[in-house]
Amino acid sequence: QSVLTQPPSMSGSPRETVTISCLGSSSNIGRGYNVHWYQQPQGMAPKLIIYGNSNRPSGVPDTFSGSKSGSSGSLTIRGLQSEDEADYFCQSYDSSLRAP
């Protein structure tokens with residue numbers, strides 16, 4: 001069950017800046033839970049690129065940045081490069097989800 005909403009697709013030109021939104025609700029992001037972002041190039045495993053709203057793991061370039069405001073999060077990629085082509089996923093805890 002998906003409780004976070006992202007744009008179905010986005011595109012940009014080399015060296016551009018793009019921002020990907022992640023819209024949540026009062027049971028997840030808006031409740032104060034952190035937003036995390038993953039990058040998944042085609043045919044590869046997902047890689048964590050932002051954790052705790054705005055923190056980058058070691059080795060992730062500073063062209064990637066994250067932020068959170070209210071019930072939404074965002075991922076910004078500055079200076080787009082060809083190697084940035086990938087799927088990007090946001091993730092957050094949701095207090096309304098219960099295990100069966």
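Reading the sequence shown from the start, the letters are residues 1 to 100 in UniProt numbering. Even glycine gets a Cβ: it sits at the ideal position worked out from N, Cα and C. Keep in mind it's a predicted model, so treat the numbers as computed, not measured.
How would you call Q39, buried or exposed, if buried means at least 16 neighbouring beta carbons within 10 angstroms? buried
Compare the C-alpha of Y93 against each of S82, W37, V18 and name the closest. W37
Spatial neighbours of S74 within its chain, please: CB distance less than 6 Å, with the 5 preceding and 5 following residues excluded, ordered by chain position. T19, S21, S67
Please report how far the alpha carbon of L4 lies from the alpha carbon of K47, in whole angstroms. Using only the alpha carbons, I get a separation of about 19 Å.
For D94, name the three-state secondary structure that DSSP assigns. In the three-state DSSP reduction, D94 falls in the coil class, being neither helix nor strand.
Return the chain-ordered list of same chain residues with a C-beta closer than 7 Å to the C-beta of I29, the five sequence neighbours on each side being excluded. V35, K68, S71, S72, G73, S92
When you compare only the Cα positions, how much space is there between V60 and P8? 24 Å
Hey, quick one: how far does the beta strand (DSSP E) through L4 stretch, first residue to last? It is not in any beta strand (DSSP E) - L4 carries neither H nor E in the DSSP assignment.
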